[in-house]
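What follows is a set of notes on a single structure, which appears directly below.
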Amino acid sequence: MRTSQYLLGTLKEIPADAEVVSHQLMLRAGMVRRVASGLYTWTPTGLRVLRKVERIVREEMNATGAIEILMPMVQPADLWQESGRLDDYGPELLRLKDRHQRDFVLGPTHEEVISELVRKEVSSYKQLPLNLFQIQTKFRDEIRPRFGVMRSREFIMKDAYSFHTSEACLEKTYQAMYDAYSRIFTRLGLNFRPVIADTGSIGGSMSHEFHVLASSGEDDIAFSSESDYAANVELAEAVAPAAERSAATEEMVKTATPDTKTIQHLVEQFNVPVEKTLKTLIVHGVSETDQPNLVALVLRGDHNLNEIKAAKIEGLLSPLEFANDDEIREATGVSPGSIGPVGLPLRTIVDRSAAVVSDFVTGANEDGFHLFGVNWERDVACTEVADLRDVIEGDLSPCGKGTLSIARGIEVGHIFQLGTTYSDAMKVGVLNETGKNQNLTMGCYGIGVSRIVAAAIEQNHDDNGIIWPASMAPFDVCILPMNMHKSVRVKEVAEQLYSDLKTAGFEVIFDDRKERPGVMFADMELIGIPHTIVIGERNLDEQAVEYTSRSSSDKVKMPISDVVNYLKAL
RNA sequence: CGGCGAUUAGCGCAGUUUGGUAGCGCACUUGGUUUGGGUCCAAGGGGUCGCAGGUUCAAAUCCUGCAUCGCCGACCA
């Protein structure tokens, strides 16, 4: 490709709205352009990278025996009615009508369509197992699209769906997908970790996410220092403290604490260690009547409530819903900020870590007062204990070995064992060996193809621009001729090398613009081409050119005749 | 959905307080200069000042409404 005949679209200035470095660099390198909120055009350089990612994903999926199909993005709402998700999915599901006023949705995922296909096409256990995948555009009407293609509304995803007559068979495919994903992200040159994940609204029993580690990630991942254990903080278990609760040493005292509404304030004003404070959060329980059924959750002041864990507790609303100030006052007679477990007329669930604190400080259930020196059992019953909090740095690992550390990750893959949720709802069954109908056990496996491009940049860049892993680079090598329009020798050598490298199978970008050298260097570094051949009068007397690598500052002078073999050997 | 903010050339912004000729930098075009790291000089093209009303002799500027975009929060495969 000659730059003079290409749409390069590099920008010198940093676009104002781009927050994260990958978004900035994708705009500056001419990879994407925004069309509307969360919608992007992939310009030539960006599309080349996207295709590289797709190719690797496709190769590895094919290698596992999965079979590629392509399903429509526009899907009949009837199918979603059937699975029950038309009501459940919420506003992220974009609904639309055609000219006949028939209802459709833009597919955010394809469980319904694939289930419909399989129930029509597959009727015998002999046709199973089956793993079908596609690489296709999805649409999710995100509340707040951001970070460029990292969280956009329209995006490209590889999604696969497997069908089985037994759990054991599903587990085998699940493991094959796990392994394939590991190979894919390794080939893409990414620093990634598989982590145990929440199954979320998709449901199912077992799930792993694959995260690219990057500070701009939107998820927190907990790792064990001593083992392979890694889990999304959403799910990571906060193990019960090994130590027993210490004996009470203080009397319970009610103290006036006017204007003290937060834990931070309590700690600062009354010089209490934050680990000795307990906070009480009021949430909605499942209610049989119109009246709210409130439940209290008690945590240590320095711990965060994990809403996913809490929502899984019997009797609590899922998703979790916080009570508002009026509801709290109605039920307890006190304002948020002074609530505590002592004498609280609500079901009270205590976090494991909060349950072992002694001599603690907490709200007195009286506006403007807190109780100091409170102890469980002596002053207030502690009947219900559960894991309610997010794990934090230094917690014991649930695997039993080591402690946890926490890092940010970008979710680029997610695999689920779905079970029969969809096949039951949509009656996806076959006749088994005994001639009986049996609903199929399903798995589903997603990879965020467009997100991978952004994630790779987050992990691979410097002040000058992107540094592509070889497998993703839009071009393998660029040819930079110095002052070609003045030097016939430079032009001849550049043209010859361009031709030779293409013949040797390289994807080459040849910067034949009439630009100053600095402009060429800057553009090619910004775009992140791994290998550069610089051709200048300076070295031509010796029939030599210069090689530079984007990922290191290596510069190698070599005879023109060596270039093809040198690049082949890299 | 709530709070805050923005909208002026392709991009980044000033001008709005105090109404009176539409500006700057980058990018683009032309000519010259320079030539191994985002040159320098000169000339030029490009605007319904988000949209719709209103006030006024006169509106980018003041008033009203709307739209779009962004940030924070809530929410969330």
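For my numbering, count along the first sequence from 1 and bump the result up by 1466. Every residue, glycine too, gets a C-beta built ideally from N, C-alpha and C.
Item                                                                                                                                                                                                  : Value
Taking all protein chains shown into account, decide if I1999 is buried (16 or more other Cβ within 10 angstroms of its Cβ) or exposed.                                                               : buried
May I ask which residues mark the beginning and end of the beta strand (DSSP E) holding W1508?                                                                                                        : L1505 to W1508
Classify D1856 as buried or exposed, calling it buried when 16 or more other Cβ atoms lie within 10 Å of its own Cβ.                                                                                  : buried
Am I right that R1619 and L1516 are in contact with their C-beta atoms under 8 Å? What's the rounded C-beta distance?                                                                                 : Not confirmed; about 17 Å, so no contact.
Whether or not the region 1816-1831 and the region 1849-1867 are in contact is what I'm after, with contact meaning three or more pairs of Cβ atoms, one per stretch, closer than 8 Å; do they touch? : yes
Identify whether G1834 lies in helix, strand or coil by the three-state DSSP scheme.                                                                                                                  : coil
Just to confirm the assignment: which complete beta strand (DSSP E) runs, minimum length 3, are found wholly within the region 1558-1589?                                                             : 1561-1563 and 1569-1572
If distances are taken between C-alpha atoms only, which option among E1958, A1873, L1744 and E1703 comes closest to D1768?                                                                           : L1744
So the candidates are T1814, V1579 and E1899; which of them puts its Cα closest to the Cα of S1889?                                                                                                   : V1579
Which value, in whole angstroms, describes the spacing of the CA atoms of L1474 and A1970?                                                                                                            : 24 Å
For K1518, name the three-state secondary structure that DSSP assigns.                                                                                                                                : helix
Touching or not, the region 1706-1713 and the region 1829-1839, by the rule of three or more beta carbon pairs under 8 Å?                                                                             : no
What's the gap between the Cα of T1814 and the Cα of F1736?                                                                                                                                           : 26 Å
Can you give, in chain order, each stretch of the alpha helix (DSSP H) that sits fully within the region 1790-1876 and has at least 4 residues?                                                       : 1791-1798
Are the CB atoms of I1522 and R1653 within a distance shorter than 9 Å?                                                                                                                               : yes
At 4 residues or longer, what runs of the alpha helix (DSSP H) sit wholly inside the region 1942-2029?                                                                                                : 1954-1969, 1983-1993 and 2003-2006
Judging by CA-CA distance, which residue of T1469, V1846, L1656 and A1495 is the nearest neighbour of P1481?                                                                                          : A1495
Quick check: the Cα distance between M1467 and S2019, rounded to an integer number of angstroms?                                                                                                      : 25 Å
Can you give me the C-alpha to C-alpha distance between I1687 and P1864, rounded to a whole angstrom?                                                                                                 : 14 Å
Exposed or buried, which one is E1859 when buried takes at least 16 other CB atoms within 10 Å?                                                                                                       : exposed
Short of 6 Å in beta carbon distance, which residues of its chain neighbour G1781, apart from the five on each side in sequence? Order them along the chain.                                          : G1751 and V1752
If you draw a straight line from the C-alpha of E1832 to the C-alpha of L1701, how long is it?                                                                                                        : 35 Å
Below 8 Å, how does it come out for the region 1905-1913 and the region 1924-1943: are there three or more Cβ pairs, yes or no?                                                                       : no
The beta strand (DSSP E) with E1620 in it runs from where to where?                                                                                                                                   : E1620 to H1630
Hey, how far is the Cα of A1921 from the Cα of M1616?                                                                                                                                                 : 7 Å
Rounded to the nearest angstrom, how far is the Cβ of R1766 from that of V1823, given a contact under 8 Å?                                                                                            : 6 Å
Contact between the region 1791-1808 and the region 1889-1898: three or more CB pairs below 8 Å?                                                                                                      : no
With L1572 and F1605 assumed to form a contact (beta carbons below 8 Å), what rounded beta-carbon distance in angstroms separates them?                                                               : 4 Å
Determine the burial state of T1907: buried for a count of at least 16 other Cβ atoms within 10 Å of its Cβ, exposed for fewer.                                                                       : buried
What three-state label does DSSP hand S1673 in the structure shown?                                                                                                                                   : strand
Check the C-beta distance from T1476 over to D1929 and give it rounded, since I have them as a contact under 8 Å.                                                                                     : That belief does not hold up - the Cβ atoms of T1476 and D1929 are roughly 15 Å apart, past 8 Å.
From this set, S1590, D1569 and E1548, which residue's C-alpha is nearest E1582's C-alpha?                                                                                                            : E1548
Skipping 5 residues on each side, what residues in its chain have a beta carbon closer than 7 Å to that of K1957?                                                                                     : P1947 and M1950
Go ahead and pull the three-state DSSP assignment for R1610.                                                                                                                                          : coil
According to DSSP, is M1537 part of a helix, a strand, or is it coil?                                                                                                                                 : coil
Between which two residues does the beta strand (DSSP E) harbouring T1746 extend?                                                                                                                     : L1744 to G1751
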